[in-house]
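Student: First to last, the sequence lines map onto chains A and B. Note that my numbering has the first sequence beginning at 1, numbered continuously upward. Note that my numbering has the second sequence beginning at 308, numbered continuously upward. Built from N, CA and C at the ideal position, the CB exists for glycine as well. Small disclaimer: the values here were computed from a predicted structure and weren't measured.
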Amino acid sequence: MVFFFQNLVNALQWGSFYALIALGYSMVYGILMLFNFAHGDIFMVGAYIGFGVATGITALASFGAIALPNWLILVLTILISMFLTSFVGILVERLGYRPLREAPRASAAITGLMIGIILETGNLALLGAKRVSFPALIKSTTYNISGVYVTNKKIMIVVVSLMLMFALHQFVRRTKWGMAMRAMAFDYVVVPLMGVPINTIAALTFAIGSALAAAAGILFGIAYPVLDPYMGIVFGWKAFVAAILGGRGSILGATLAGFLLGFIEIFVAMIFPSTLRDLIAYSIILLILTFRPHGFFGEPYSARLRL
Amino acid sequence: MSDKDGKLSKNMKILKDKMLDTISGVPLLGWLFGILIAVLLEHFAGDLLVDVLGLPKIPVLFGCVIILKKPLMIPGAMLYMLLIYILPISIVARLSSVPANRVAAKLLDYPMFVSVLIHIALFYASLYIWSEISAYRVLTLKLTLVAIILTLSLNVINGYMGEFSCSHPGFMALGAYGASVFTVLLFANDKIFGHALLPPSLGPFMFPIALIIGGITAALGALVIAIPSFRTRGDYLAIISLAFLFIVKSMIENLEVVGGPRGLSSQPDYAGLPTVFMWTVACIWITNNFVRSTLGKALNAVRDDEMAADAMSVNTRRTKMVAFLFAAFWAGVAGGLFAHVLRYVNPGTFGLQKLAEVLAMVYFGGLNSVYGSIVGAVSLSLLGEALRPLEIFKWIIIPLLLILVMIYRPTGLIAFKEFDVGKLIKPKQRPGKEV
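#1: Just to confirm before moving on: does the CB-CB distance between L336(B) and A407(B) stay below 7 Å?
#2: Looking at the structure shown, is G501(B) part of a helix, part of a strand, or coil, going by DSSP?
#3: Can you find a C-beta in chain A that's less than 7 Å from the C-beta of I546(B)?
#4: For I157(A), which residues in chain B fall below 7 Å Cβ to Cβ?
#5: Can you grab the Cα-Cα spacing for the pair R304(A) / M614(B), in whole Å?
#6: Under the rule that 16 or more other beta-carbon atoms within 10 Å means buried, what is D619(B), buried or exposed?
#7: Taking the runs of the alpha helix (DSSP H) that are 4 residues or longer, which of them lie wholly in the stretch 576-635 of chain B?
#8: Taking only the alpha-carbon atoms, compute the straight-line gap between N496(B) and G566(B) and give it to the nearest angstrom.
#9: Anything in chain A within Cβ reach of M628(B), meaning under 8 Å, just list it in chain order.
#10: For I31(A), does the count of other Cβ atoms within 10 angstroms reach 16, so buried, or fall short, so exposed?
#11: Beta strand (DSSP E) containing I157(A): first to last residue?
#12: Which value, in whole angstroms, describes the spacing of the CA atoms of E741(B) and L544(B)?
#13: So if DSSP puts S133(A) in a beta bridge, which residue, or which two residues, is it bridged to?
#14: Taking DSSP as the reference, what is the three-state secondary structure of L666(B)?
#15: Buried or exposed: T200(A), going by 16 or more other Cβ atoms within 10 Å of its Cβ?
#16: Please return the same chain residues whose Cβ sits closer than 6 Å to the Cβ of L461(B), not counting the five positions on each side in sequence.
#17: T58(A) by DSSP, collapsed to three states: which one?
#18: Quick one: is F186(A) buried, meaning 16 or more other Cβ sit within 10 Å of its Cβ, or exposed?
#19: 7 Å is my cut-off, CB to CB: does W702(B) come that close to chain A?
#20: So if I threshold CB-CB distances at 9 Å, which residues from the stretch 11-40 of chain A count as touching chain B?
#21: If you count every other CB in all the chains shown that lies within 10 Å of the CB of M184(A), and 16 or more means buried, which is it?
#22: Does N561(B) have its Cβ less than 7 Å from a Cβ in chain A?
#23: One question on the structure: do S107(A) and P717(B) come within less than 7 Å of each other, judged by their Cβ atoms?
#24: From L356(B), L389(B) and L434(B), pick the residue whose C-alpha is nearest to that of L580(B); which is it?
#25: If you draw a straight line from the alpha carbon of P568(B) to that of G383(B), how long is it in whole angstroms?
#26: Under a three-way DSSP split, which group does L571(B) fall into?
#27: If we define contact as Cβ-Cβ less than 7 Å, is I271(A) a contact residue for chain B?
#28: So is A550(B) in contact with chain A if we call contact Cβ pairs under 7 Å?
#29: Any idea which residues DSSP pairs I145(A) with across the strands?
#30: By DSSP, does I704(B) sit in helix, in strand, or in coil?
#31: Which first and last residues belong to the alpha helix (DSSP H) in which L544(B) is found?
#32: For L360(B) and T205(A), I'd like the C-alpha separation in whole angstroms.
#33: For T121(A), would you say it is in contact with chain B, using Cβ-to-Cβ distances shorter than 7 Å as the test?
#34: Let's see if you can read the secondary structure: which residues bound the alpha helix (DSSP H) around C371(B)?
#35: So, using beta-carbon positions, are S676(B) and F723(B) closer together than 7 Å?
#36: For G485(B), which residues in the same chain have their Cβ closer than 6 Å to its Cβ, ignoring the five residues on either side in sequence?
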């Protein structure tokens, strides 16, 4: 039982990265019917921006220019990086996707893939091939709850990601912008005719998705403090799997599928030899999709998919 | 001022028309003849010219490396290109246009395959002589040919069928390992599989069987994707095929029998240039016939409107299945060739990087077109080699190029064009002149 709960904690942490990234995929996919394959690399860029911001703030604090408690530095880092990374997302949308809105969807997917490669290589060219280590923003303390070891970092990561997901949910459900997004996901052609500004909504969608990816990047940097330019590739593609598994454009679905993917990966690695992780995890997903091809909360395919 | 400009552009236009007029009367046969003469020239006089121009050695890939690395040698390299390739090809092609046209017209009297075979033989001769200069050229050429097979087979799924499949590296891996296990087990002394079971002299004759086994392995793997994902349409093929890619890679990494993550080596050296060339030609021929057949047209109908196709008595599920397995088969063959060209495979090769590469080739060249696949595969492979001196900036320039192509031609450079061999090989008439 202790074994189970211990891994549950790890899986919650691992799944929250997937879930946060998957949300960005899912929103873009739900509203614009695009695969944003650059999203994994936006996660990487977000982590690096977070690294820059955190280093900057701690340097300022250590010079005595500003006196800040550690938790405030963390909150500031997350917020500023989310804000900055959202502009990366807007830029990607403006340069890579908007010119292709009338093109076949697959072409836009290729553009995304290529933007991803440019982001990776650009990072490599700018910062060099060495890995950077994320500054330790919070001191790690370990709690022992009847045999289960939980660090404060893990709790913080899970709580912050759940808070972000809840905020996103509220935003999409309660605000006028959120309503516009849902309307756009419902009908891509008619809703713009009703006066909903499609470009603004598209940019907003990319901005929110990128901000969430940045948050995931920083949380990842706190948990595993080594960043390298290619860290976004595998994460991005796996989160893409989670996003589609959740169902088209479903926030709840993407969250659940992200956590599910985390659970499957962690538990497979615990029970079987860890080299079998991908094999078993993706076989399970293949099986799920065989019986539920629309994902958890997706509606069955209808003829209005545009190509 | 504007008058002068107008005159200048008029002159340019006349010049352009004249040039077009000069070359438009040359049939394919004439061009191939010109290329043959050019490569023969390089073969015999290349070293001499290199000495005269002060270049270190014969520019391997059209001088790109020299131009990018040593700016001082740019004039020499340019002059070399002009003297060895551009001038001989255009002069010979132009001069031989009349006899070449006559020969091409004469060849039409025979069955078409005679003419096609002569064209292919001429082309192969030029490639062979061109590649003899260095081993690097041979390797680049082989990998380019393999890339053509791969791109063409992915184009069947992504272009002709209109789905988005991400599993091609997986099929390639299955084919590579299927074919390699066959040849290594039977014809090679290896650490893992022990001594050769059959005399190695039989090997080259059995190599086609090895490749076909590789292709069938890939096609069987494709069934795993095809059965669940073709029940509904939509984007689920994309993710199921992606999951399949992860599964295949992870499976091979865990199979200690074939070397696990260390990979499998000591494939016999069967994939020479003629073998790879023949398989590529066969792939182009068969795929071209496939997409122009009733089944291929049905495939296009399914892509454009599945419901309408269904109403018009197309068995949509069967059509999609056949096309998918067909494409997977050729991807497997490409994988087998790839493994025997490099004589080493490891599962890391067939990852997301390879996926991005193949997708880029398909969409760069053009969807729904055999021409496009050839152009995409050749240009991106050669570009990748030619820009090597730029190191990592290569991976900024090539993606930027692709984004530009996507923005200005969203379906690729040469999309939706039929590959008509008959039209390609027939004699050409100069516009406005009767022959």
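Tutor: To lay it out plainly:
#1: yes
#2: strand
#3: yes
#4: By Cβ distance, chain B contributes nothing, its closest Cβ being about 25 Å from I157(A), past 7 Å.
#5: Because R304(A) carries a pLDDT of 42, less than 50, the predicted location of this residue cannot be relied on, and no value is offered for it.
#6: According to the sequence shown, residue 619(B) is Met rather than Asp. It is exposed - the Cβ of M619(B) has fewer than 16 other Cβ atoms within 10 Å.
#7: 580-599, 601-611 and 613-618
#8: 15 Å
#9: Near M628(B) there are no residues of chain A at all, since even the closest Cβ is about 15 Å away, more than 8 Å.
#10: buried
#11: From DSSP, I157(A) is part of no beta strand (DSSP E) but of the alpha helix (DSSP H) over N152 to R174.
#12: With a pLDDT of 46 at E741(B), under the threshold of 50, the predicted position of this residue should be treated as unreliable, and no value is reported.
#13: V226(A)
#14: helix
#15: exposed
#16: H475, V665 and V669
#17: helix
#18: exposed
#19: yes
#20: Y29, M33, F35 and F37
#21: buried
#22: yes
#23: yes
#24: L434(B)
#25: 46 Å
#26: strand
#27: no
#28: yes
#29: V148(A)
#30: helix
#31: Y543 to N561
#32: 58 Å
#33: yes
#34: C371 to K376
#35: yes
#36: I520, G521 and T524
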